[in-house]
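According to this note's numbering, the stretch in the sequence shown is residues 829 to 968, in order.
The beta-carbon is built from N, C-alpha and C at its ideal position, and this holds for glycine as well.
Computed from a predicted structure; not experimentally measured.
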Amino acid sequence: MVLILAGPAAAVTESTQVSNVEIYLVVDRTGSMAAEDWAGGPAAGGGTRLDGVKSDLTAIRDAFPSARFSIIALDNTAARELPLTHDTNAVDAWIGSFKQEFSSHATGSSLEVALPMLGQSLVQARQSEPKDIRLVYIFS
């Protein structure tokens with residue numbers, strides 16, 4: 829054991845690139861997202877709006893790999909489903925599990941439900957990190 833510890837050693841450092849970009853994704857998951865009018869769907873044969881949103885979310889996540897992401901889901905209410913994070917695995921997991929709301933409880937979509945939560949998030953972020961760049965994407 830002593831001989832192993834006395835052997836050559838190399839210092840290992842790990843660097844993580846961090847961006848000052850914060851991306852807020854507001855995603856409608858009401859019944860209208862099941863409409864099959866997305867032309868870019870499976871192999872361009874078409875798909876649901878939900879498929880289109882998943883595709884767009886993935887493209888945004890891929891375009892900003894070192895950004896921080898927050899996701900607010902919108903149906904009858906608004907819920908912060910992912911707080912601001914660098915964890916792209918969590919973003920990918922959310923995108924993969926994203927489904928529309930249960931139609932029996934639906935009342936339709938209204939951005940007014942999500943705007944107070946989004947506004948509060950942006951104000952808090954500005955107070956915390958005033959120099960960060962904030963991007964907001966709304967999918968509805």
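Contact between the region 944-954 and the region 915-930 is absent: fewer than 3 CB-CB pairs across the two stretches fall below 8 Å.
For THR916 and ASP884, the gap between their C-alpha atoms comes out near 15 Å. By a beta-carbon distance limit of 8 Å, VAL849 contacts ILE961. Their separation comes to about 5 Å.
In this structure, DSSP gives THR913 an extended state, which the three-state scheme calls strand. With respect to LEU912, TRP922 sits apart: the two C-beta atoms are not nearer than 8 Å. Residue environment: ASP890 is assigned as exposed (fewer than 16 neighbouring CB atoms within 10 Å of its CB, all protein chains considered). Excluding residues up to 5 positions away in sequence, SER847, VAL849 and ILE851 lie with their Cβ nearer than 6 Å to the Cβ of ALA895 in the same chain. Taken in chain order, the whole alpha helix (DSSP H) runs of length 4 or more contained in the region 849-909 are 877-891.
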